[in-house]
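If you read the protein sequences in the order shown, they are chains G and P. First residue of the first sequence? That's 75 in the numbering used here, and the numbers climb one at a time after it. First residue of the second sequence? That's 1270 in the numbering used here, and the numbers climb one at a time after it. We treat Cβ as the ideally placed atom computed from N, Cα and C, and that holds for glycine. Here the structure is a predicted model, which means the values were calculated and not measured.
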Amino acid sequence: AQTVTQSQPEMSVQEAETVTLSCTYDTSESNYYLFWYKQPPSRQMILVIRQEAYKQQNATENRFSVNFQKAAKSFSLKISDSQLGDTAMYFCAFMNRDDKIIFGKGTRLHILP
Amino acid sequence: NAGVTQTPKFQVLKTGQSMTLQCAQDMNHEYMSWYRQDPGMGLRLIHYSVGAGITDQGEVPNGYNVSRSTTEDFPLRLLSAAPSQTSVYFCASSYSRVNQPQHFGDGTRLSIL
Chain G
75 AQTVTQSQPE MSVQEAETVT LSCTYDTSES NYYLFWYKQP PSRQMILVIR QEAYKQQNAT
135 ENRFSVNFQK AAKSFSLKIS DSQLGDTAMY FCAFMNRDDK IIFGKGTRLH ILP
Chain P
1270 NAGVTQTPKF QVLKTGQSMT LQCAQDMNHE YMSWYRQDPG MGLRLIHYSV GAGITDQGEV
1330 PNGYNVSRST TEDFPLRLLS AAPSQTSVYF CASSYSRVNQ PQHFGDGTRL SIL
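Printed below as a string of structure tokens:
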């Protein structure tokens, strides 16, 4: 079965620091998609970044970037210059060839002033 | 554009009652899906649809039915509510497989007594 594991249930960092959230997944497929989602206290789910497995280049979106290690099945999210508004739950997700998406259990990130 | 609209936002049901959670999008997206989110868990896929007239089961489909008669609407039906179905439900849509899921509704908090 395909699984997504986020090993850090909760993290806290000071504002302006850089933080890395880890995610590992398990699959036998070679072509798939990976996502990071942000869920602030408002509960709304917001897509942060997307990575296609066949692309070797790591995806970036402004202050957000990923470290995609396909052989290790690792997909970590780096947030640079963290801001108070980055406080949220972050979910890693995997989409297989059947278009089914599996989410990890999330990492609660606190940005401290 | 309203994006993805879910109704109602809150609902309390008694065990055995039936109800339909509504989801509508005005972006002409082909892909729509339903998730449930429980405390300490990520989102789990219930059902999804790749276009009008086509639906498929996700990770946790038991106890739920869906239909997709139009591109815009994707209702989720609970035929006989059970306390285990107490959860927050999210509907999502996207334009294509590559971009899914990109737009989430604000969620419906459902309590089954």
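What residues in its chain sit with their C-beta under 8 Å from that of residue i, if we drop five residues either side in the sequence?
i	result
Gln125 (chain G)	Tyr107, Leu108, Phe109, Asn132, Ala133, Val140, Phe142 and Phe149
Leu186 (chain G)	Ser86, Val87, Gln88 and Glu89
Ser1287 (chain P)	Arg1346, Leu1347, Leu1348, Ser1349 and Ala1350
So, does the CB of residue i fall closer than 9 Å to a CB anywhere in chain P?
i	result
Phe165 (chain G)	yes
Ile120 (chain G)	yes
Gly178 (chain G)	yes
Val140 (chain G)	no
Ile175 (chain G)	yes
Asp172 (chain G)	yes
Ile78 (chain G)	In the sequence as presented, Ile is not what sits at residue 78 (chain G); that position holds Val. With 9 Å as the cut-off, Val78 (chain G) counts as an interface residue toward chain P.
Taking only beta-carbon atoms, is residue i less than 9 Å away from chain G?
i	result
Met1310 (chain P)	yes
Ser1302 (chain P)	yes
Leu1314 (chain P)	yes
Ala1321 (chain P)	no
Gln1280 (chain P)	no
Asp1295 (chain P)	no
Could you check the C-alpha separation between residue i and residue j for me, to the nearest Å?
i	j	result
Asn1334 (chain P)	Val87 (chain G)	43 Å
Lys174 (chain G)	Ile1315 (chain P)	10 Å
Met1296 (chain P)	Asp100 (chain G)	33 Å
Ser1362 (chain P)	Gly1332 (chain P)	22 Å
Ser1318 (chain P)	Ile153 (chain G)	33 Å
Ser104 (chain G)	Ile123 (chain G)	20 Å
Keeping to the same chain, check which residues put their C-beta closer than 7 Å to that of residue i; ignore five residues upstream and five downstream.
i	result
Phe1359 (chain P)	Tyr1304, Gln1306, Leu1312, Phe1373, Gly1374 and Gly1376
Met119 (chain G)	Tyr111 and Gln113
Gln82 (chain G)	Leu95, Ser96 and Thr181
I'd like the list of long-range same chain contacts for residue i, defined as Cβ closer than 6 Å, with 5 residues on each side in sequence excluded.
i	result
Tyr1364 (chain P)	His1298
Pro115 (chain G)	none
Ile176 (chain G)	Gln76, Val78 and Phe168
Val189 (chain G)	The requested residue 189 (chain G) is not part of the displayed model; chain G covers only 75 to 187.
Any contact of the segment 1373-1381 of chain P with the segment 1328-1343 of chain P, i.e. 3+ C-beta pairs under 8 Å? no
Assess, as a yes-or-no matter, whether the segment 76-94 of chain G is touched by the segment 168-186 of chain G under the definition of 3 or more beta carbon pairs within less than 8 Å. Because the criterion of three Cβ pairs below 8 Å is met, the segment 168-186 of chain G and the segment 76-94 of chain G touch.
For the 8 Å Cβ check, are there 3 or more pairs between the segment 150-158 of chain G and the segment 85-101 of chain G? At 8 Å Cβ cutoff, the stretches touch.
Chain G contacts made by the segment 1327-1347 of chain P, where a contact means CB separation under 9 Å: Within the segment 1327-1347 of chain P, the residues whose Cβ lies closer than 9 Å to some Cβ of chain G are Gly1327 and Glu1328, listed in chain order.
Can you list, in chain order, the residues of the segment 100-119 of chain G whose Cβ is nearer than 7 Å to any Cβ on chain P? Arg117, Gln118 and Met119
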